[in-house]
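The listed protein sequences derive, respectively, from chains G and D.
Counting along the first sequence from 1, when you hit position 82 you're at 82 in full-length UniProt numbering, and nothing is skipped either side.
Counting along the second sequence from 1, when you hit position 26 you're at 26 in full-length UniProt numbering, and nothing is skipped either side.
Below: one structure, written as structure tokens.
Number of protein chains: 2
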Amino acid sequence: MLKSRTSPSRRDSTKSASGKPGAVYNDRPFGIVGYRAMLENDFLQIPDLRFEAELLVCETPVIAARLRFECTPKGSFLGLPVNGRTVSFTENVFYEFEADRIKRVWSVIDKAAIEGQL
Amino acid sequence: MLKSRTSPSRRDSTKSASGKPGAVYNDRPFGIVGYRAMLENDFLQIPDLRFEAELLVCETPVIAARLRFECTPKGSFLGLPVNGRTVSFTENVFYEFEADRIKRVWSVIDKAAIEGQL
């Protein structure tokens, strides 16, 4: 899954300010470690991955973004056999912040758009 | 596709305040007439359709919403053979307003979540 490129830079970011585990992605508690691992895997699978926000809507403590991707996943992506084709798609995503860090993420990726390009 | 339940109630709403055609949905100019037709079709195909916003982020002139649906499409939905099963899914959507009316919509529906329930 694609998420913000925001990534933790300090060891203590494995816990949020409240002491609870870190990032929650689509209601699944990933923790910062899992979140980072997912992002690292995204970049391994999609070497030209780049996050472009074409729309941002901010109301504390949430940022909503419409992200647009044009990228080339190496193998399958979201269960689709992309296999090195360049695909274009969007992601509408909400990031809730706490103490300057992402606390919760609610993301939907336009899988149908990718299907239409295969 | 699911959109806001906001629907025009006046005849002159076929044009936006600027005189240009009405609503644009995911970069396709539908106009208010097409937008209304799409909503009417949604309710025909999904009789128990109901829009529940579980998250709203507002920054003028845009509202971002995370909508959650639990509903029972009669036939196929987003190309999937739902056929009367009750499915649960989310939609992350941005509505840009002009003169109190929806001008542009950018929506992504979580089709993968529905696939996982079939």
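Each residue gets a CB set at the ideal place from its N, CA and C atoms; glycine is no exception.
- Taking each of G:Lys103, G:Leu56 and G:Val62 in turn and checking the Cα distance to Pro61 (chain D), the smallest one comes out for G:Leu56.
- Contact of Lys103 (chain D) with chain G is not assigned, every C-beta pair being separated by 8 Å or more.
- Around the CB of Thr86 (chain D), fewer than 16 other CB atoms lie within 10 Å, so the residue is classed as exposed.
- The beta strand (DSSP E) runs of length 3 or more contained entirely in the segment 32-94 of chain D are, from start to end of the chain, 52-59 and 62-71.
- In this model, Gly75 (chain G) and Val82 (chain G) are separated by some 6 Å (Cα to Cα).
- Residues of the segment 57-80 of chain G whose Cβ lies closer than 7 Å to any Cβ of chain D, in chain order: Val57, Cys58, Glu59, Val62, Ala64, Arg66 and Leu78.
- Note that the C-beta distance between Glu96 (chain G) and Arg104 (chain G) is below 8 Å.
- Within the segment 84-97 of chain D, Thr90, Glu91, Asn92, Val93 and Phe94 place their CB atoms closer than 8 Å to a CB of chain G, listed in sequence order.
- Inter-segment contact for the segment 33-51 of chain G and the segment 64-80 of chain G is present: three or more beta-carbon pairs are separated by less than 8 Å.
- With fewer than 16 other beta carbons inside 10 angstroms of its own, Leu118 (chain D) counts as exposed.
- Across the structure, Pro29 (chain G) and Val33 (chain D) are spaced so that their CA atoms are roughly 43 Å apart.
- Apart from the 5 residues on each side of it in sequence, Glu70 (chain G) sits with its Cβ closer than 7 Å to the Cβ of Thr86 and Ser88 in its chain, given in chain order.
- Residue pairing by DSSP puts Ile109 (chain G) in a beta bridge opposite G:Glu91.
- Cβ atoms of Val24 (chain D) and Asp110 (chain G) stay farther apart than 8 Å, at about 16 Å.
- Along the segment 42-57 of chain G, going in chain order, the ones with a CB nearer than 7 Å to a CB of chain D are Leu55 and Val57.
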